[in-house]
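Visitor:
There are 2 protein chains.
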Amino acid sequence: MDEYEGLKLENQLCFPLYACSKELVRRYQPFLDEVELTYTQYIAMMVLWQREKINVKSLGELLYLDSGTLTPLLKKLESKGYVSRVRASEDERVLNVALTDKGRELKQRAKSIPPRIAGCLGLSETEAKTMYALLYKAIGNLRAEQ
Amino acid sequence: MDEYEGLKLENQLCFPLYACSKELVRRYQPFLDEVELTYTQYIAMMVLWQREKINVKSLGELLYLDSGTLTPLLKKLESKGYVSRVRASEDERVLNVALTDKGRELKQRAKSIPPRIAGCLGLSETEAKTMYALLYKAIGNLRAEQ
DNA sequence: CGCAATCTAATTGTGTACAATTCAAAGCGA
DNA sequence: TCGCTTTGAATTGTACACAATTAGATTGCG
């Protein structure tokens, strides 16, 4: 147990977290290609499929993404015809993003993705629930202390 | 329980994984700024601190990164003077990356990072171990089925 | 009212990520 | 040995991520 033990890759929790996240996103890609979305575009669409309309700030809070990421991404979704981007008349600083009919249709085609992905992680129901709880606990702590 | 249940953000395991990974990397940044490394550069240096020398292919296998990511990253580490990049004489296709004295010094300054990060996740020893095991199990499964 | 402080997006710049392609070196079979 | 295949990096192109800054709109306070 030397003084550099903490600097070994295998003693880090961050590295497998980072690696697992990337690998899973990579696994999504073939399925997402079918609906011509990237992973980030997909999670943005997921929010809209549930809420129909949201402003950029709220979307960023939900996805933990900032405007530097969302602005170009939403412009791309708009150019594909899946969302509209309209300034709020009550407050011109706010940009509302809303689902279009074409974006709503996409939901139909996307609904087969989650069940097909589910098996890739190879975790039992219990393990998945445990992981889920730990991840949200960690996210809460990471954000709580600023 | 409608047919779109799977498309809700809160029913995904991928999203908290993705979010937690990003948030934790973000938490590293202030500490990594002290040694002027990005997170990806840091994990590459961690490998070198343990192994002194490695070729690009092996490094990519360890970190789950490809040459498109590693080539510019290693050039940057070379320009900072932390590593050398030399073609293997036995096989000119292979590029060996080795730690320089300056890179070795950096290990001293970096060793305080892991303990300072440790608390951010706010998980108990047991929870961290559970998460660690589940993550490596998932990574194994994600890669096993190609 | 007037204007400074605040708020929300957009922009800019740097650094990943990765698929696909390219290119040179090495291995290999007829 | 000559071509063919394979291999390992590098390159190219697209798409995030995020810090820092900018720009415009709104709010609030004196």
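Chains as they are written, first to last, in the working numbering: chain U, 243 to 388; chain P, 243 to 388.
Here a beta-carbon is modelled for each residue, glycine too, at the ideal position from N, C-alpha and C.
All of these numbers come straight from a predicted model, not from anything done at the bench.
Could you name the residues that DSSP lists as bridge partners for valine 339 of chain P?
Guide: Working through the second sequence from its first residue, we reach residue 339 of chain P at position 97. According to DSSP, valine 339 of chain P bridges with P/Ile296 and P/Arg327.
Visitor: Give me the subset of the stretch 290-306 of chain P whose CB atoms are less than 9 Å from a CB atom of chain U, sorted by chain position.
Guide: Cβ contacts with chain U: Trp291, Gln292, Leu304, Leu305 and Tyr306.
Visitor: Using the C-alpha atoms, what's the distance from valine 277 of chain U back to arginine 351 of chain U?
Guide: Against the first sequence, residue 351 of chain U aligns to sequence position 109. Against the first sequence, residue 277 of chain U aligns to sequence position 35. Taking the straight line joining both Cα atoms gives about 7 Å.
Visitor: Methionine 288 of chain U and lysine 250 of chain P look like a contact to me (Cβ under 8 Å); what is the Cβ gap, rounded to whole Å?
Guide: For this step, residue 288 of chain U is matched to residue 46 along the first sequence. For this step, residue 250 of chain P is matched to residue 8 along the second sequence. Rounded, the Cβ-Cβ distance is 7 Å, consistent with contact.
Visitor: Output needed in chain order: residues of the stretch 333-346 of chain P with a Cβ under 7 Å from some Cβ in chain U.
Guide: none
Visitor: Please work out which residues of its chain come closer than 8 Å, Cβ to Cβ, to lysine 353 of chain U, disregarding the five sequence neighbours upstream and downstream, and give them in chain order.
Guide: Position 111 of the first sequence, counted from the start, is the residue given in the question as residue 353 of chain U. The answer is none, since no qualifying residue turns up.
Visitor: Which value, in whole angstroms, describes the spacing of the CA atoms of tyrosine 246 of chain P and alanine 286 of chain P?
Guide: Here residue 246 of chain P refers to the residue found at position 4 when the second sequence is read from its first residue. Here residue 286 of chain P refers to the residue found at position 44 when the second sequence is read from its first residue. Spanning the two alpha carbons is a distance of roughly 41 Å.
Visitor: Tell me where the alpha helix (DSSP H) around leucine 279 of chain U begins and ends.
Guide: Locating residue 279 of chain U in the first sequence gives position 37, where the first residue counts as 1. It is not in any alpha helix (DSSP H) - leucine 279 of chain U carries neither H nor E in the DSSP assignment.
Visitor: Looking at C-alpha atoms only, which residue of U/Asn338, U/Gly248 and U/Glu320 is the closest neighbour of lysine 299 of chain U?
Guide: Mapped onto the first sequence, residue 299 of chain U falls at position 57. The shortest Cα separation from lysine 299 of chain U among U/Asn338, U/Gly248 and U/Glu320 belongs to U/Asn338.
Visitor: Quick check on this structure: which residue in U/Asp275, U/Tyr270, U/Arg269 and U/Cys256 has the alpha carbon closest to the alpha carbon of valine 267 of chain P?
Guide: Position 25 of the second sequence holds residue 267 of chain P. Of the candidates U/Asp275, U/Tyr270, U/Arg269 and U/Cys256, the one whose C-alpha sits nearest the C-alpha of valine 267 of chain P is U/Cys256.
Visitor: In chain order, what residues of the stretch 256-269 of chain P put their CB closer than 9 Å to some CB of chain U?
Guide: Cys256, Phe257, Pro258, Leu259, Tyr260, Ala261, Cys262, Ser263, Lys264, Glu265, Leu266, Val267, Arg268 and Arg269
Visitor: Determine, for alanine 286 of chain P, whether the minimum Cβ-Cβ distance to residues of chain U falls below 7 Å.
Guide: Reading the second sequence from its first residue, position 44 is the one you call residue 286 of chain P. So, not an interface residue.
Visitor: Are the beta-carbon atoms belonging to leucine 315 of chain U and threonine 282 of chain U less than 7 Å from one another?
Guide: Within the first sequence, residue 315 of chain U is the residue found at index 73, counting from 1. Within the first sequence, residue 282 of chain U is the residue found at index 40, counting from 1. It is a contact, given that the beta carbons lie within the stated cut-off.
Visitor: DSSP on glutamine 271 of chain P, reduced to helix/strand/coil?
Guide: Looking up residue 271 of chain P in the second sequence gives position 29. Of the three classes helix, strand and coil, the one that applies to glutamine 271 of chain P here is helix, per DSSP.
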